[in-house]
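Numbering (full-length UniProt numbering), first residue to last: 1 to 320.
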C-alpha cells in the first residue's frame, strides 16, 4: 500500500482539482436543505397563525385553499428537488472520491457503493450474538491482499423491542453495530476461537473462553482478549499485530471488536458517523476523510500480511 506522504501527494495533485464541481454540488444541496427546512417552518407558522385567526382567512375559504395548496406544492417540490440533487451529489462523490482512493490503494480492488457484506458472513463472525431484525449497509470493497480474499463494508445492524398492545403498542429500535465491518478468509483453519475487544464483553462468551494475558502492557490496557485456545491466541497476537491494534485504536478511539474463527478474521470498528458519505455542511476539500479510509484499509493489510507470514499459527499442531 502507498505511504501517507504518497496519499497526500495524490490528493493535492490528482484528486483536489476534480473537487471543484463537487463543491458546487455540495453548496446547492446545503442551500436546498436549508431552504426546505426554513419553508417547512414557515408553513407551520402560517398554519398556526391561521388557526388563531390572525390572518383572517376563515371568512374567505377559497383564499385559504389557494394558500395551503401553494404551500403544500412548494414544500413537495423542494423535497423532490433536494432528494434528486442529494442523490446525484452522493453518486458523483462515490465515483470521484471513494472509487479513486480505493483504486489508488490497489487498482485490482472492486468497489460497490450500494452493496454490503452478506448477513451470513456477519453472523459467522459471532462477534454480535444478538438477534438481528434490521440489516443494512453499503460501500462494499472486495479484493485480495497477497493470496487472501477480503471484503469490507459499512454496516448498521439493529434489533427491536415491542412493548404494549393495541393503541399503546410501541416498537423501539436498538443499534447492535454501526461502523466498518471487515472479513478475510485464509482457507486455513484456526483450531480455536479468539476474541479481541476494546470492551469487556466476556459475559457474552461461554465458559470455554478464558482470558488471555499478554506481555504488552499498552495493548493489555486497551484490549480484552478471550480464547478457547491460549497458545494459539498468543501465536496470533504477534507484536506487530498488537502494534497495529494499538495504532488503530489511538487513531479513532472507537470500539473495536475482532474475532478469529474457523478460517476467518473479522474486524468491526464502530463509528457514529457514516464513513463514505459526502459532507453537506462542511467543505468537500477534506484530506482527513481520505486518510481515515486509508488508515482502516492499512490496518486490514497489516493483520492479513502478518497472519499469512506467521507459519506457526497454521503448523502449531505439529509443534505441540
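Backbone N, C-alpha and C define an ideal beta-carbon position, used for all residues, glycine too.
In this text the structure is predicted, and so the values were computed from the model without any measurement.
### Query
Ends of the beta strand (DSSP E) at residue 112?
It spans 110-112 - the beta strand (DSSP E) in which residue 112 sits, taken as one unbroken run.
### Query
Where residue 42 and residue 12 are concerned, what is the direct C-alpha to C-alpha distance, given to the nearest angstrom?
Answer to the nearest angstrom: the Cα atoms are 43 angstroms apart.
### Task
For chain D, find out if any of its Cβ atoms is closer than 8 angstroms to the Cβ of residue 289; answer yes or no.
Among the chains of the structure shown, chain D does not appear; only one protein chain is present.
### Task
Determine the DSSP secondary structure at residue 193, reduced to helix, strand or coil.
For residue 193, the three-state secondary structure derived from DSSP is coil.
### Message
Between which residues of its own chain and residue 222 is the CB-CB distance below 8 angstroms, once the five residues before and five after are set aside?
### Response
The residues are 198, 245, 246, 249.
### Where the alpha helix (DSSP H) containing residue 252 begins and where it ends
Residue 252 -> alpha helix (DSSP H) spans 239-252.
### Message
Given this structure, state the Cα-to-Cα distance separating residue 117 from residue 279, to the nearest angstrom.
### Response
Approximately 24 angstroms, taken between the alpha carbons.
#### Entry: C-alpha gap between residue 101 and residue 286, whole angstroms
Using only the alpha carbons, I get a separation of about 13 angstroms.
### Query
Run through DSSP, which three-state label would residue 11 get?
DSSP places residue 11 in helix when its eight states are reduced to three.
### Message
Please state whether the Cβ-Cβ distance between residue 259 and residue 178 is less than 8 angstroms.
### Response
Not closer than 8 angstroms, so no.
### Task
Given a cut-off of 8 angstroms, decide if residue 26 and residue 83 are closer than it, judged by their beta-carbon atoms.
8 angstroms or more divides the Cβ of residue 83 from the Cβ of residue 26.
### Message
Just to confirm before moving on: does the CB-CB distance between residue 154 and residue 180 stay below 8 angstroms?
### Response
Their beta carbons are under 8 angstroms apart, which means residue 154 touches residue 180 by this criterion.
### Task
Starting from the C-beta of residue 218, find all residues in its chain whose C-beta is less than 7 angstroms away, skip the five residues before and the five after it, and write them out in chain order.
Excluding positions up to five away in sequence, the list reads 246.
### Query
Under three-state DSSP, which class holds residue 280?
Residue state for residue 280 is assigned as coil, using DSSP reduced to three classes.
#### Entry: For residue 220 and residue 194, believed in contact at Cβ under 8 angstroms, the rounded distance
Contact between residue 194 and residue 220 does not hold, since their C-beta atoms are separated by about 15 angstroms, which reaches or exceeds 8 angstroms.
#### Entry: Given residue 141 as reference, the closest of 28, 105, 236, 283 once Cα atoms are compared
Measuring from the Cα of residue 141, the nearest candidate turns out to be 105.
### Query
Who pairs with residue 175 in a beta bridge, going by DSSP?
Residue 175 is bridged by DSSP to 158.
### Query
Going by DSSP, what residues sit across from residue 256 in a beta bridge?
Per DSSP, 269.
### Task
Name the residue from 139, 81, 64 whose alpha carbon lies nearest to the alpha carbon of residue 93.
Among 139, 81, 64, the Cα nearest to that of residue 93 belongs to 139.
### Query
Out of curiosity, what's the CA-to-CA distance linking residue 162 and residue 152?
Distance between residue 162 and residue 152, taken at the CA atoms: about 32 angstroms.
### Message
Let me check you understand the geometry: is the CB of residue 171 closer than 7 angstroms to at least one non-hydrogen atom of the ligand COA?
### Response
This structure lacks the ligand COA; in fact it carries no ligand of any kind.
#### Entry: Alpha carbon of residue 166 to alpha carbon of residue 30, nearest angstrom
One C-alpha to the other measures close to 41 angstroms.
### Query
Would residue 44 be called buried (16 or more neighbouring beta carbons within 10 Å of its own) or exposed?
Exposed, because fewer than 16 other Cβ atoms sit within 10 Å of the Cβ of residue 44.
#### Entry: Own chain partners of residue 297 with C-beta closer than 6 angstroms, once the 5 adjacent residues on each side are dropped
So the qualifying residues of the chain are 105.
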